[in-house]
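K.L.:
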Amino acid sequence: MDERFKLKGLEGEEKIKPHAYLKSISNSDIRWERVVHFWQLPLDKKGWLFDLLLRKLRSKQVMVAILNGQYWDGNIEINVDLQERIINFSYRGTNIGKFHQKLMTFVPVHADIFEGTYSTVGQRKSAKSAVKEIVQTIFGDSAADRISLAYKEFLVLLFGSIPRQPSDLLVSREAYINTMNIIEEKYRLEAGDADFLEWRLTLLGRSPMFVNEKTKEELR
């Protein structure tokens with residue numbers, strides 16, 4: 059039986075436990091080669107050293123997605139393009155972004171809803187809920203705590219306080235990027251860091267609106 063469909067069958071009976079599922083897969087299973095290829099792990103490292111490298115890849119859900127091509131849990135779906143080494147994230151059927159392993163960066167796709175130009179309160183809550191759910195489900199509570207602290211400091215630096223609805227506010231792109239760089243440097247959130255993807259996902263879901271030439275004219 060294809061492991062992907064076995065995993066799907068488990069979902070209706072009990073909540074999937076990715077760590078236990080991964081441990082149940084034989085070391086000789088050819089699908090481990092997909093993980094090695096995706097993360098560009100050294101092929102000549104076997105035994106305990108290889109296992110140590112795999113354990114450092116903290117997101118077990120992403121590991122399952124790489125092994126099987128996809129993973130889902132509730133509203134979240136992760137699909138993996140093994141050839142291009144791209145992870146696609148969807149929330150309630152909407153593709154909200156891609157993680158490019160070659161570039162070690164997260165690229166927003168559904169920017170009109172998830173990057174700050176919200177038209178309704180419902181959309182704002184949906185976006186915030188999506189990001190929180192993704193971070194907690196995929197990366198765990200410890201990562202969520204670290205990112206929450208970094209994000210609060212990000213808001214204080216940008217606005218002087220923590221606004222109730224950052225997505226309602228306007229900021230310049232330059233100020234936003236400068237503040238983001240300061241926080242990423244302080245918290246060492248950079249490509250390759252265990253929490254880098256979570257951090258960018260958080261910014262993606264809660265961004266203020268950027269001031270452009272059109273909004274400048276409207277504000278005058």
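In the working numbering, the protein residues as written are 59 to 278. Beta carbons: idealized from backbone N, C-alpha and C, even for Gly.
1. Just mark S265 as buried or exposed, buried being the case when its beta carbon has 16 or more other beta carbons within 10 Å.
2. Could you tell me whether the segment 251 to 259 touches the segment 214 to 223, using the rule of 3 or more Cβ pairs below 8 Å?
3. Tell me whether V214 sits in a helix, a strand or coil according to DSSP, three-state version.
4. Thinking C-beta only, is I136 closer than 9 Å to Q159?
5. Along the beta strand (DSSP E) that carries N239, what are the first and last residues, could you check?
6. Who pairs with E49 in a beta bridge, going by DSSP?
7. In whole angstroms, what separates the C-alpha of I171 from that of S86?
8. DSSP on K156, reduced to helix/strand/coil?
9. In this structure, does DSSP put L227 in helix, strand or coil?
10. If we count Cβ pairs, one from each stretch, closer than 8 Å, do we get three or more for the segment 120 to 130 versus the segment 91 to 98?
11. Among F268, N146, D139, which has the Cα closest to the Cα of S230?
12. Using a Cβ-Cβ cut-off of 7 Å (strictly less than) and excluding sequence neighbours within five positions of K118, which residues of its own chain qualify?
13. Relative to the C-alpha of D259, which residue among Q223, S84, I240, S206 is closest?
14. Quick one: Cα of D251 to Cα of D226, how far?
15. Which two residues bound the contiguous alpha helix (DSSP H) that contains E92?
16. Among the residues of its own chain, which have a CB less than 6 Å from the CB of Y129, if the five just before and after it don't count?
17. CA-CA distance, M238 and S82?
18. If I follow the unbroken alpha helix (DSSP H) through K75, where does it start and stop?
P.N.:
Reading it off the structure:
1. Your numbering for residue 265 matches position 207 in the sequence shown. Buried, by the Cβ-count rule.
2. At 8 Å Cβ cutoff, the stretches do not touch.
3. Taking the first residue of the sequence shown as position 1, residue 214 is located at position 156. Looking at V214 - three-state DSSP - the assignment turns out to be helix.
4. Position 101 of the sequence shown, counted from the start, is the residue given in the question as residue 159. Position 78 of the sequence shown, counted from the start, is the residue given in the question as residue 136. Judged by beta-carbon spacing, I136 lies beyond the 9 Å limit of Q159, meaning their Cβ atoms are not closer than that value.
5. Residue mapping note: residue 239 aligns to position 181 of the sequence shown, counting from 1. Counting along the chain, N239 falls outside any beta strand (DSSP E), though it belongs to the alpha helix (DSSP H) covering 231 to 244.
6. Only positions 59 to 278 of the chain appear in this structure, which leaves residue 49 out of reach.
7. Stepping through the sequence shown from its first residue, residue 171 is reached at position 113. Stepping through the sequence shown from its first residue, residue 86 is reached at position 28. Below a pLDDT of 50, predicted positions are generally treated as unreliable, and I171, at 39, falls in that range; no measurement from the model is reported.
8. Looking up residue 156 in the sequence shown gives position 98. In this structure, K156 counts as strand in the three-state DSSP scheme.
9. Sequence index remark: in the sequence shown, residue 227 carries index 169 (1-based). The answer is coil: DSSP assigns L227 none of H, G, I, E or B.
10. yes
11. Taking the sequence shown and counting its residues from 1, one reaches residue 230 at position 172. Considering only F268, N146, D139, the residue with the shortest C-alpha distance to S230 is F268.
12. Against the sequence shown, residue 118 aligns to sequence position 60. Closer than 7 Å at the Cβ level, and outside the excluded window around K118, lie P76, H77, L80.
13. Walking along the sequence shown from the start, residue 259 turns up at place 201. Residue identity check: residue 259 is Leu in the sequence provided, not Asp. For L259, the nearest C-alpha among the options comes from S206.
14. What you label residue 251 is simply residue 193 of the sequence shown in a count that begins at 1. What you label residue 226 is simply residue 168 of the sequence shown in a count that begins at 1. Their Cα atoms are separated by approximately 30 Å.
15. By 1-based counting over the sequence shown, the position of residue 92 is 34. Checking the displayed sequence, the identity of residue 92 turns out to be Arg instead of Glu. Here the alpha helix (DSSP H) through R92 covers 90 to 97.
16. Mapped onto the sequence shown, residue 129 falls at position 71. Excluding positions up to five away in sequence, the list reads Q119, V122, A123, I136.
17. Locating residue 238 in the sequence shown gives position 180, counting from the first residue. Locating residue 82 in the sequence shown gives position 24, counting from the first residue. Going by the C-alpha atoms only, they are around 40 Å apart.
18. Your numbering for residue 75 matches position 17 in the sequence shown. Here K75 belongs to no alpha helix (DSSP H), and DSSP marks it neither H nor E.
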